[in-house]
Amino acid sequence: MFSIIFTWVIVAWGAIACIYMLRCAWTRFPKRDVDADDVIPFLYPVDISLAESILDPATEFECRWRLEPRRFREAQRKRMRLYLELTRRMAHNARVLVEYADAEKNSRDPRRVNVAAAVQEKAIGVRLYSLLTGIKLRFWLLLRADVLNSKPVLAHLRTTGDIDGLETYGALKTAAAAAFNKLPPDAIDSLTRNL
Amino acid sequence: MNLLLRYVPLGLLALLLLVLIRRRAYRVCPCFFVYTAYGVAAGVARLMVRLSILLNARDYAVTYWVTEGGYDLLGILVMYEVLRTVLGSLTRDWRARLVFPAVLCGALGLSLARAHAIPVHFSSHLASEIMIGEIAVRFVQVFVFAGLVTLVPVLGFKWRQYPFGVAMGFGLYATIALLTTTAFSDFGTRFTFLWSVVSLVAYSLAVLIWIWFFSVPQKEQTPSSELSAPSPGDLKQYKDALRRMR
Numbered sequence: 000m001f002s003i004i005f006t007w008v009i010v011a012w013g014a015i016a017c018i019y020m021l022r023c024a025w026t027r028f029p030k031r032d033v034d035a036d037d038v039i040p041f042l043y044p045v046d047i048s049l050a051e052s053i054l055d056p057a058t059e060f061e062c063r064w065r066l067e068p069r070r071f072r073e074a075q076r077k078r079m080r081l082y083l084e085l086t087r088r089m090a091h092n093a094r095v096l097v098e099y100a101d102a103e104k105n106s107r108d109p110r111r112v113n114v115a116a117a118v119q120e121k122a123i124g125v126r127l128y129s130l131l132t133g134i135k136l137r138f139w140l141l142l143r144a145d146v147l148n149s150k151p152v153l154a155h156l157r158t159t160g161d162i163d164g165l166e167t168y169g170a171l172k173t174a175a176a177a178a179f180n181k182l183p184p185d186a187i188d189s190l191t192r193n194l
Numbered sequence: 000m001n002l003l004l005r006y007v008p009l010g011l012l013a014l015l016l017l018v019l020i021r022r023r024a025y026r027v028c029p030c031f032f033v034y035t036a037y038g039v040a041a042g043v044a045r046l047m048v049r050l051s052i053l054l055n056a057r058d059y060a061v062t063y064w065v066t067e068g069g070y071d072l073l074g075i076l077v078m079y080e081v082l083r084t085v086l087g088s089l090t091r092d093w094r095a096r097l098v099f100p101a102v103l104c105g106a107l108g109l110s111l112a113r114a115h116a117i118p119v120h121f122s123s124h125l126a127s128e129i130m131i132g133e134i135a136v137r138f139v140q141v142f143v144f145a146g147l148v149t150l151v152p153v154l155g156f157k158w159r160q161y162p163f164g165v166a167m168g169f170g171l172y173a174t175i176a177l178l179t180t181t182a183f184s185d186f187g188t189r190f191t192f193l194w195s196v197v198s199l200v201a202y203s204l205a206v207l208i209w210i211w212f213f214s215v216p217q218k219e220q221t222p223s224s225e226l227s228a229p230s231p232g233d234l235k236q237y238k239d240a241l242r243r244m245r
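Structure follows, in structure tokens:
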């Protein structure tokens, strides 16, 4: 019985995947032109210095040393929620840039295609990091890992799935700067503020 | 069923083999290339045995099941190649290497559980085992395909690339094959004709998908050396942009 139910579940999953791919193939035509106006206003600002401070082991050690255990757990949960929000923003920005890169890949200029490939590669890394970190953080927050388990160390979140999150996001920013370097200075300013 | 219609997939596979040779796909997907070449050879061998007046139905059955076993082994290898290509470009984490063995073990377990619940009835013991293996391979193909498709919206993967095309063809065929096999075993032998026709159409569709994917050259995924040598004007703009970002 169990195996039959599982078989039907897998068949349904496969059928949904087929329908999704059909939709992907269908929506390729007509191709939509995505330009800077479809990117810059849609980006959420990510405070990298804040992320650095959350992941800094020294800051965490100081909090642990300075606060009493209950207060430290509360502070740690706040820091977890804050970092979850930052990773969400990183993932969102990466998604916006992937869409831009997808459109750029149809360009006839090989340099633009290469720059778009670099943006897309880094964006996928950022999204994978955000996904894995998000799962870990939600798991910690949901199960109150700080109470049940030994205290979760946020500094360990810097590298997840062999991906250094902040370094990869930095590389994505660099790739995006290369992709948008033809924009007027005010647009570049908006991009730098929002990314 | 008409013998000509039965061998439509063989013609399409031969066309696919030509496309793969033209695109030099043996460099990108060597296992898939071997699978296609094997598919053509196996199809020709089955046709020869069927048309030969010296050989009987038993010889055809032996040829059929032996070649079917080969299809299963190569199907597994192709799925391994697809997963290794996609996950290898994504992460170097050692746990990524455990994904395929886990999928394989899960599929094999599920196929054995299914065979226990609905026993496969064949005169030959070897044929029954090949059938169980075949269902396990279909499970692996659906797992890998549906898993990769799930990564498209989650990670923003570009789906128009060769490994996705290979997984999509196998995924479509395996989904339909599992669906018809389950319906066949659940609802009885009145599905025999439908089962054979649907399988044939699904496999032909899968081969058409592969031809479609391999008919265009794959775009470069990694940035080339051109990026490292921009013009002085570009370099200045690029530096300004980076300076503003920091």
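Those protein sequences? They're chains A and B, same order as listed.
Taking numbering that gives the first Met the number 0, I'd label the letters of the first sequence as residues 0 to 194.
Taking numbering that gives the first Met the number 0, I'd label the letters of the second sequence as residues 0 to 245.
Backbone N, C-alpha and C fix where the C-beta goes; we use that ideal spot for every residue, glycine too.
Since the model is a prediction, treat every value here as computed from it, not as a measurement.
Secondary structure note for residue 75 of chain A: its alpha helix (DSSP H) is the uninterrupted segment 68 to 103. In this structure the region 175 to 191 of chain A does not touch the region 28 to 37 of chain B; the number of beta carbon pairs closer than 8 Å is below three. Going by beta carbons, residue 81 of chain B and residue 143 of chain B fall inside the 9 Å limit. Closer than 9 Å at the C-beta level to chain B, one finds these residues of the region 97 to 108 of chain A: 97, 98, 100, 101, 104. DSSP, read as helix, strand or coil, puts residue 26 of chain A in coil. In this structure residue 209 of chain B touches residue 165 of chain B by the C-beta definition: roughly 7 Å separates them, less than 8 Å. Counting C-beta atoms within 10 angstroms of its own C-beta, residue 77 of chain A has fewer than 16 neighbours from the protein chains shown and is therefore classed as exposed. Here the C-alpha atom of residue 64 of chain A lies approximately 40 Å from the C-alpha atom of residue 175 of chain A. Pairing residue 145 of chain B with residue 16 of chain A gives a Cβ-Cβ distance under 9 Å. By the neighbour-count definition (other C-beta atoms within 10 Å, threshold 16), residue 68 of chain A is an exposed residue. In the DSSP annotation of this structure, the continuous segment of the alpha helix (DSSP H) that includes residue 10 of chain B starts and ends at 7 to 21. Taking residue 37 of chain B as the centre and dropping the five residues before and after it, the same chain places the C-beta of 69, 73 closer than 7 Å to its C-beta, in chain order. Collapsing the DSSP output to three states places residue 161 of chain A in coil.
For residue 10 of chain A, the chain B residues whose Cβ falls inside 7 Å of its Cβ are 174, 177, 178, 181, in order along the chain.
Close partners of residue 78 of chain B in chain A (Cβ separation under 7 Å) are lacking, with about 14 Å as the shortest Cβ gap. By the neighbour-count criterion, in which a residue is buried when 16 or more other Cβ atoms sit within 10 angstroms of its Cβ, residue 18 of chain A is exposed. Note on residue 126 of chain A: 16 or more other CB atoms within 10 angstroms of its CB, so buried under the neighbour-count rule. Looking only at A:139, A:181, A:173, the smallest Cα-Cα distance to residue 119 of chain A is reached by A:173.
Counted as a single uninterrupted DSSP element, the alpha helix (DSSP H) harbouring residue 57 of chain B occupies residues 56 to 89. Per DSSP, reduced to three states, the secondary structure at residue 192 of chain A is helical.
For residue 0 of chain A, the chain B residues whose Cβ falls inside 9 Å of its Cβ are 116, in order along the chain.
For residue 5 of chain A, the residues of chain B that pass the 7 Å Cβ criterion are 109, in the order they occur in the chain.
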